[in-house]
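Notes follow once the structure below has been shown.
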Amino acid sequence: MNIATLTIDQVREGLKKRAFSAVELTREALEFAQAENPKTNAYLHFSSERALEAAARVDEGIARGEDIGPLGGVPIAVKDVIVTKGVRTTCGSKLLAEYVPPYDATAVIRLEEAGGILIGKTNCDEFAMGSSNESSAFGPVRNPVAPDRVPGGSSGGSAAAVAQGTAVVALGSDTGGSIRQPASFCGVVGVTPTYGRVSRYGLTAFASSLDHVGPFARNVKDAAALLRVLAGRDPLDSTSAFAPVPDYPVDMDGGVEGMKIGLPREYFKDLPSETGDLILRGVETLKQLGCEVRDISLPHTAYAVGCYYIICTAEASSNLARYDGVRYTVRTPGDTLIDMYRNTRGAGFGLECKRRIMLGTYVLSAGYYDAYYLKAQKVRTLITRDFADAFERVDAIAAPVSPSPAFRLGEKTDDPMEMYLSDIYTLTGSLAGIPCMSVPCGKTVEGLPVGMQLMTRHFGEADMFRLAGAYEKASSFFA
Amino acid sequence: MSSSTLVLPPPEVVAKYEPVIGLEVHVQLATQTKIFCGCPTSFGAPPNTNVCPVCLGLPGALPVLSRQSVEMAIRAALALNCQVRPVSRFARKNYFYPDLPKGYQISQYDQPVAENGSVEIVVDGNAKRIGITRVHMEDDAGKSIHEGFRDSDRYTYVDLNRCGTPLIEIVSEPDMRSSEEAHAFLTELKHLLQWVEVSTCDMEKGHLRCDANVSVRRHGAPQFGTKAEVKNLNSFRFLKMALDYEIARQIALIESGGSVEQETRLFNPDTGETAGMRSKEHAHDYRYFPEPDLAPLRISQDWLSRVESEMPELPNRRRERFLAEYGIREYDVQVLTSTRALSDYYEEAASKSRDPKAAGNWVMGDLMGALKSEGKEISESPVSAANLAELVDLIASGEISGRLAKEIFQKMFATGESARAIIDREGLRQVSDTGVLDRMVDEVIANHPKQVDQYKGGKTTVLGFLIGQVMKASKGQANPGAVNELLRKKLS
């Protein structure tokens with residue numbers, strides 16, 4: 001058994017055949033992850049005790065002859081913005097450095113109920129705000145493919161954990177590209193489901209109307225299997241959808257012949273040639289699979305960055321208000337209440353969070369609301385309509401994930417605008433709330449992975465997985 | 480008392496001005512659970528025990544709107560003649576405070592659950608309609624405790640039990656023109672909300688809290704003056720005190736050549752005065768925006784109709800009906816509809832008895848008197864409405880006299896038994912048997928020759944005395960009507 005390349009099916013097979021026990025696998029996974037961690041800083045903490053207890057339960061189930069569950073014994077890493085009962089959840093922030101939540105996120109409950117093993121919590125940009133993982137209060141994550149480069153963000157730790165093989169699959173969160181962009185940078189599969197497909201209960205809020213929980217995996221089928229477990233209505237999340245959940249991994253096998261794929265011309269106009277060539281080669285493969293490729297237009301794409309950074313900062317300014325020094329153990333005292341607030345938040349939040357809190361506070365201020373927030377909501381509606389129009393003509397959209405492959409650590413930290421633009425192709429899908437994913441489509445001459453983005457209509461995940469699965473099979477780049 | 484610098488303007492100066500008052504009233508809904516989670520709303524639990532991740536605002540927790548809260552808000556809205564919006568929306572009201580763990584309150588802003596209502600008040604016999612601008616739903620904050628701990632000089636303690644308790648805020652139009660009208664409005668509001676059982680309106684527990692917007696203008700002036708918002712009016716007495724003070728303060732200010740500032744003022748019950756709290760420049764910017772964690776609240780016609788069908792008859796409608804159906808006086812109707820429970824009681828007694836008017840007198844007289852002296856509510860009355868109706872009917876049918884009825888009522892009140900049971904047990908039947916009465920009347924005539932002579936001499940008022948003698952002889956069991964008739968016959 002090579003733990004670094006295990007798939008969900010291999011884990012389940014191994015357990016069923018008694019090639020190894022869940023406790024043995026978990027122990028090995030924990031040891032491997034802890035040994036590898038200094039190279040990447042992908043994990044912030046490990047949940048060894050909880051993992052071994054869960055593994056023992058899986059083994060007991062096997063001994064009783066029970067079904068081991070779709071994720072039975074599978075070592076899983078969870079982004080540290082998703083709360084875990086009794087396991088520290090820092091959100092990559094000094095302000096929650098000591099915070100141990102008293103409850104589990106719905107996503108965590110579901111993956112454990114499916115037999116999954118939570119082995120540790122992964123590093124991320126502070127409160128999921130960033131595109132490089134460099135805004136974490138606990139140091140950046142290094143890209144396992146190229147250690148001098150960023151893994152992308154904000155779910156950089158989860159992408160790196162899956163890429164380096166210390167977890168079979170991982171949970172991330174995506175607000176404007178935080179799953180797809182690191183998946184692209186690290187050469188793994190990353191899925192942002194339809195908004196409302198996976199419960200947000202227990203996902204620490206950054207921008208509530210844009211936040212998603214989604215899977216990372218080394219192959220499409222594993223991502224589909226994990227989403228199958230996570231998806232579905234949760235009475236604790238009023239925005240979670242009632243729509244039935246298809247059996248994604250099983251539905252993947254249907255063909256893609258005749259599927260109509262749209263290439264949004266706005267996404268290829270200014271795309272650097274190396275990334276563009278890789279994406280177009282991927283599109284070529286889709287053609288060979290029998291897909292019909294069409295030129296389409298998403299005319300409001302140019303407004304996505306402005307729209308996104310108004311809505312997400314507005315919501316963030318409100319969501320982050322609760323970290324005020326009154327609770328969560330971290331406090332910087334002051335002579336007055338206001339001073340205590342100022343000192344705590346001044347010392348506790350990193351630059352990126354402060355920048356977004358200030359932007360968001362500004363755009364919601366009296367007299368500015370109509371010009372910024374309200375306008376941005378209208379633009380969001382237009383962007384959503386762009387996609388709805390496009391999906392009248394095509395079944396799926398293929399696009400780049402990011403303009404460039406993984407950049408160097410420190411390369412963009414002084415230029416937030418440049419950093420924001422690295423999400424330019426992922427923001428639109430987030431704003432529209434449609435399912436999107438990144439699937440590896442090759443490497444640059446420097447050997448850096450590049451992902452191709454696939455998008456489908458709301459709740460069209462099954463189509464998306466079918467397309468991605470067929471592509472993955474046909475693609476010679478995939479090991 | 481404070482060293483106030485306010486010189487109260489003389490009445491003739493005050494009379495030149497017209498106060499303009501609008502109220503904002505926060506009402507705690509009488510739900511079992513909080514508005515966005517399943518925690519109980521019970522009062523008096525140990526600090527920070529009625530809490531969960533949702534009402535504590537823990538990272539990742541999300542609100543889920545309670546159906547019962549919405550239905551209570553709808554009931555309140557209907558009682559206030561409001562239009563319930565088919566779609567309303569929650570919004571975040573952002574501000575920092577230690578007892579506000581999310582850093583925002585979930586409220587409603589541009590699309591409240593209901594709007595455009597009215598309440599009728601009566602002041603000095605004049606009816607007046609006070610407009611209701613809106614009713615919106617929101618969650619309550621926790622409680623900061625600044626006193627009572629050993630280290631209260633250095634620390635404030637926070638109890639989050641109240642966090643997430645469902646509230647409605649009722650905003651009136653600036654339709655009130657005196658502190659008396661404001662008092663009457665709040666009284667009627669409380670009456671209505673208790674009537675439809677959406678709140679206990681217990682002011683001591685903070686279930687009803689009131690702020691006022693106050694301005695003054697010269698009579699006939701086309702525009703309102705600059706208003707001040709006065710907070711902390713948490714009893715009917717304080718409301719009136721604060722308004723009277725604030726009105727006088729504003730008039731004095733204008734009379735002395737100054738002008739009223741738009742500001743928030745706090746009423747101090749110890750001094751009876753209002754004091755500036757924050758100016759317009761320092762007013763909070765709450766940065767409202769739609770709450771992304773909650774879908775818009777859609778209230779279908781079906782849902783609305785169902786809630787409406789479960790509503791009790793409203794007091795105004797009931798008053799009109801009582802007047803028409805039971806033929807009781809306007810004043811009596813007011814008394815009998817002063818609470819829902821009392822009017823329900825009366826309704827049952829009146830509808831079951833042959834004499835609704837007499838039933839009303841019994842309720843307002845003997846029953847309320849007896850309840851009052853025992854410190855009991857109508858809901859605790861030992862005499863059921865049906866039993867009272869029976870008592871009324873026994874009088875109406877002549878089976879017992881009014882005097883005997885009063886005795887029986889005392890026994891009913893003491894034991895909870897029916898009049899019939901008491902009569903049967905104690906043999907207290909009214910004597911209508913003419914044979915028995917005949918004998919008694921003859922005896923009384925024989926024993927009182929002087930009075931008989933007086934009667935025959937034209938002093939007919941003496942008949943009352945003779946009737947009384949017969950009643951006495953019968954131990955109250957004689958039918959006074961029959962005695963009267965018999966005496967007249969025998970003496971004529």
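Read top to bottom, the protein sequences are chains A and B. The first sequence begins at 1 in the numbering used here and counts up one residue at a time. The second sequence begins at 480 in the numbering used here and counts up one residue at a time. Positions of the beta carbon are idealized from the N, C-alpha and C atoms, including for glycine.
Cβ-Cβ distances below 7 Å link B:Ala-540 to Pro-532 and Val-533 in the same chain, with the five nearest sequence neighbours on each side left out; the list follows chain order. Listed along chain A are Ser-238, each with a C-beta nearer than 7 Å to that of B:Leu-773.
The beta-bridge partner set that DSSP reports for B:Met-616 consists of B:Ile-647.
Residue environment for A:Gly-254: exposed (fewer than 16 other C-beta atoms within 10 angstroms of its C-beta). The closest CA to that of B:Leu-970, considering only B:Ile-946, B:Met-950 and B:Asn-958, is found on B:Ile-946. For A:Leu-203, the C-beta contacts it makes with chain B under 7 Å involve Gly-539, in order along the chain. DSSP, read as helix, strand or coil, puts B:His-662 in helix.
For the pair B:Asp-630 and A:Cys-312, the Cα-to-Cα distance works out to about 41 Å.
For A:Val-141, the CB contacts under 6 Å within the same chain, skipping 5 residues up- and downstream, are Thr-40, Asn-41, Ala-42, Asn-123, Asn-133, Pro-151, Gly-156, Gly-157 and Ala-160 in chain order.
At a cut-off of 8 Å, the C-beta of A:Ser-135 has no neighbouring C-beta in chain B. Minimum Cα-Cα distance from A:Arg-322 among the listed residues B:Arg-641, B:Tyr-576 and B:Cys-561 corresponds to B:Tyr-576.
Put simply, the backbone Cα of B:Glu-648 is about 10 Å away from that of B:Ala-552.
B:Met-655 has B:Ile-500 as its beta-bridge partners, per DSSP.
Here A:Thr-239 is near A:Arg-200, since their CB atoms are less than 8 Å apart.
Straight across, the Cα-Cα distance linking A:Lys-85 with B:Ser-657 is about 57 Å. The C-alpha of B:Gly-936 lies about 14 Å from the C-alpha of B:Arg-967. For A:Tyr-373, the chain B residues whose C-beta falls within less than 7 Å of its own C-beta are Phe-768, listed in chain order. B:Glu-617 and B:Lys-513 have their C-alpha atoms roughly 11 Å apart. Among the residues of chain B, those whose CB is under 7 Å from the CB of A:Arg-200 are Leu-541, following chain order. In this structure, the beta-carbon distance from B:Arg-798 to B:Thr-816 falls below 8 Å. Using a CB distance cut-off of 8 Å, B:Asp-764 counts as an interface residue toward chain A.
The CB of A:Val-326 comes closer than 8 Å to the CB of Pro-577, Pro-580 and Val-637 in chain B, given here in chain order. When DSSP reads this structure, A:Leu-118 sits in a beta bridge with A:Ile-76. Residues are counted here when their Cβ sits less than 9 Å from a Cβ of chain A; for the region 530-564 of chain B these are Cys-531, Pro-532, Val-533, Leu-535, Gly-536, Leu-537, Pro-538, Gly-539, Ala-540, Leu-541, Pro-542, Val-543 and Leu-544, given in chain order. B:Asn-595: member of the beta strand (DSSP E) spanning 593-602, first to last residue. In the structure shown, B:Cys-531 adopts coil according to DSSP, grouped into three states. Nearest to B:Glu-725 by alpha-carbon distance, out of B:Ala-961, B:Leu-802 and B:Glu-497, is B:Glu-497. With respect to A:Ala-366, B:Asp-764 sits close: the two C-beta atoms are nearer than 8 Å. If you draw a straight line from the Cα of A:Lys-473 to the Cα of A:Phe-216, it comes to about 18 Å.
One finds Pro-532 in chain B with Cβ atoms closer than 7 Å to the Cβ of A:Tyr-103, taken in chain order.
Closest option to B:Phe-888, judged by alpha-carbon separation, among B:Asp-872, B:Leu-867 and B:Gly-906: B:Leu-867. The beta carbon of B:Asn-573 sits closer than 8 Å to some beta carbon of chain A. Identification of chain A residues near B:Tyr-583 by a Cβ-Cβ cut-off of 8 Å yields Ser-318 and Ala-321, ordered along the chain.
Separation of the CB atoms of B:Tyr-583 and B:Asn-573 is rounded to 4 Å, and the pair is thereby assigned contact status at 8 Å. Against chain B, the beta carbon of A:Leu-364 has neighbours under 7 Å at Arg-766 and Phe-768, listed in chain order.
Residue pairing by DSSP places B:Lys-572 opposite B:Gln-584 in a beta bridge.
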